[in-house]
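Accompanying notes for the structure given below.
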Amino acid sequence: MTARLYRADYPQHCRTHAIDGMTLVFHRPSGTTHFLSAPAPEMLILLSEAPMSAAVLCQRLCEQLDLPQDDEALYVVEARLDELIASGLVRVQGLDPH
Amino acid sequence: MREENELPETLQSGETDNLQSRRSLLRMSTLGVAAVMTIRPGMAQGAVSSALTCSIPVPLAADVNKWVKPSGSTSNSPPPPGSTWYKFPASPQALAGEHVKNAIKFGTVIPGMDAGKTTAYKAYINAKIVSGKLGFTCYASLQSPNRF
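Below you can see the structure in the form of structure tokens.
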């Protein structure tokens with residue numbers, strides 16, 4: 001089974017600012033600015049600690065938020081990852097041989 | 099008016115709301131709303147689309163009658179005959195962003211110039227083209243590692 005690993009250079013290469021419960025992020029490498037709502041900033045922080053698969057990210061996110069982990073949560077995490085990839089804040093690292 | 103003893107109850111209901119909103123974070127019902135919204139101001143968009151066509155004036159208007167030294171600093175006087183100090187006159191036209199990018203990134207010479215002049219101009223750009231100066235947006239867009 002192979003899994004895509006995701007990585008983020010947040011927040012080292014970003015300037016962030018909290019506004020009204022959302023996070024304003026200036027991504028220096030791309031020069032673009034993004035407004036993030038939960039759980040996108042939480043996902044970025046977890047991904048910046050270590051590259052991980054969507055399943056591991058979902059597990060850690062659910063632990064952090066004290067929420068039950070289920071297929072629906074994973075589906076939402078994958079959808080949010082797609083958004084973050086489209087914005088350039090998250091990159092696909094490669095294939096995990098495990 | 100709220101009494102002091104009502105406060106804990108209010109907080110408790112706030113916490114319940116918070117837990118509820120946390121739970122809904124990872125539910126499909128939230129997917130209708132984007133979690134990432136990218137702001138695209140006109141300037142940022144312009145910088146992206148014109149990175150290859152933008153230009154940098156060297157030297158700036160303030161230094162137009164000066165000579166550019168290899169260090170990037172400017173001099174008011176032309177190089178004396180037989181001097182080993184190289185100084186280069188102002189470029190008659192602004193440097194193309196793409197040529198500057200290639201010079202910075204790959205060490206190529208700017209077309210129509212030799213290595214010495216390219217080095218001097220690069221040093222000048224590095225030293226003088228700062229935020230607020232003409233050509234800075236172009237220069238900044240060339241620095242972006244993911245762009246090229």
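Chain order of the listed sequences is E and S. Take the first sequence: its letters are residues 1 to 98, numbered as in my numbering. Take the second sequence: its letters are residues 99 to 246, numbered as in my numbering. Backbone N, C-alpha and C fix where the C-beta goes; we use that ideal spot for every residue, glycine too.
Our contact map puts residue i next to residue j with C-beta atoms below 8 angstroms; I'd like the distance itself, whole angstroms only.
i, j, result
"VAL92(E)", "LEU129(S)", "With a Cβ gap of about 21 angstroms, VAL92(E) and LEU129(S) do not count as contacting."
"LEU61(E)", "PRO39(E)", "6 angstroms"
"LEU57(E)", "LEU44(E)", "Incorrect: roughly 10 angstroms between the Cβ atoms, too far for contact."
"ILE154(S)", "ILE227(S)", "6 angstroms"
Along chain S, in chain order, which residues have C-beta atoms closer than 7 angstroms to that of residue i?
i, result
"ARG80(E)", "ALA133"
"ALA109(E)", "There is simply no residue 109(E) to check, as chain E begins at 1 and stops at 98 in what is shown."
"LEU84(E)", "VAL134"
In angstroms with no decimal places, state the Cα-to-Cα distance between residue i and residue j.
i, j, result
"LEU65(E)", "ARG120(S)", "7 angstroms"
"MET52(E)", "TYR184(S)", "54 angstroms"
"HIS34(E)", "ALA8(E)", "14 angstroms"
"LYS164(S)", "PRO187(S)", "7 angstroms"
"GLN118(S)", "LYS231(S)", "51 angstroms"
"VAL90(E)", "LYS199(S)", "26 angstroms"
"GLN143(S)", "GLY88(E)", "Legend: pLDDT at GLN143(S) = 47, less than 50; position of this residue unreliable, no value from coordinates given."
"GLU83(E)", "PRO176(S)", "57 angstroms"
"CYS236(S)", "LYS215(S)", "20 angstroms"
"GLY140(S)", "PRO178(S)", "In this prediction, GLY140(S) scores a pLDDT of 49, lower than 50, which makes its location untrustworthy; no coordinate-derived value is stated."
"PHE26(E)", "THR136(S)", "10 angstroms"
"LYS167(S)", "SER30(E)", "32 angstroms"
"ALA145(S)", "SER239(S)", "Only weak support exists for where ALA145(S) lies, its pLDDT of 43 falling under 50; the value from the coordinates is given anyway. The alpha-carbon atoms of ALA145(S) and SER239(S) are separated by roughly 6 angstroms."
"ARG80(E)", "GLY205(S)", "40 angstroms"
"MET126(S)", "ASN116(S)", "18 angstroms"
"PRO97(E)", "ILE202(S)", "Low confidence applies to PRO97(E): its pLDDT is 40, below 50, so where it sits in the model is not reliable enough to give any reading."
"VAL247(S)", "ALA225(S)", "Residue coverage of chain S in this structure runs from 99 to 246, which leaves residue 247(S) outside it and unanswerable."
Anything in chain S within Cβ reach of residue i, meaning under 8 angstroms, just list it in chain order.
i, result
"LEU65(E)", "ARG120, LEU123, LEU124"
Nearest to residue i by alpha carbon, out of the options?
i, options, result
"GLU72(E)", "ALA54(E), ALA3(E), GLU83(E), GLY88(E)", "ALA54(E)"
"ALA221(S)", "SER171(S), PRO209(S), VAL134(S)", "SER171(S)"
"GLN191(S)", "ILE202(S), VAL156(S), CYS152(S)", "VAL156(S)"
"ALA18(E)", "LEU81(E), GLU63(E), LEU36(E)", "LEU36(E)"
"ILE223(S)", "ASP161(S), ARG125(S), ALA132(S), MET126(S)", "ASP161(S)"
"ARG28(E)", "GLU78(E), ASP20(E), ARG15(E)", "ARG15(E)"
"CYS152(S)", "ASP212(S), VAL134(S), HIS197(S), LEU123(S)", "HIS197(S)"
"SER122(S)", "ILE85(E), PRO68(E), GLU78(E)", "PRO68(E)"
"SER169(S)", "ALA133(S), TYR219(S), SER229(S), LEU193(S)", "TYR219(S)"
"GLY195(S)", "ASN174(S), SER229(S), MET211(S), GLY233(S)", "GLY233(S)"
Quick one: list the residues of chain B neighbouring residue i, beta-carbon separation under 9 angstroms, in chain order.
i, result
"ILE154(S)", "Protein chains E and S are contained in the structure displayed, whereas chain B is not."
Residue i touches chain E at which residues, Cβ-Cβ below 7 angstroms?
i, result
"LEU129(S)", "VAL76, ALA79"
(Q) Residues of the segment 6 to 39 of chain E in Cβ contact with chain S at a cutoff of 8 angstroms, in chain order, please. (A) For the segment 6 to 39 of chain E, which is checked against every Cβ of chain S, the residues closer than 8 angstroms are PRO29, SER30, GLY31, THR32, THR33, HIS34, PHE35, LEU36, SER37, ALA38, PRO39.
Q) Which residues, taken in chain order from the segment 221 to 241 of chain S, show a beta carbon closer than 8 angstroms to some beta carbon of chain E? A) Closer than 8 angstroms at the C-beta level to chain E, one finds these residues of the segment 221 to 241 of chain S: ALA238, SER239.
Q.
Please identify, using Cβ separations under 7 angstroms, the residues of the segment 191 to 219 of chain S that lie next to chain E, in order along the chain.
A. Listed by position, the residues of the segment 191 to 219 of chain S near chain E (Cβ gap below 7 angstroms) amount to none.
Q: Check distances from the C-beta atoms of the segment 44 to 58 of chain E to those of chain S and list, in chain order, the residues that come in under 9 angstroms.
A: Answer set for the segment 44 to 58 of chain E: CYS58.
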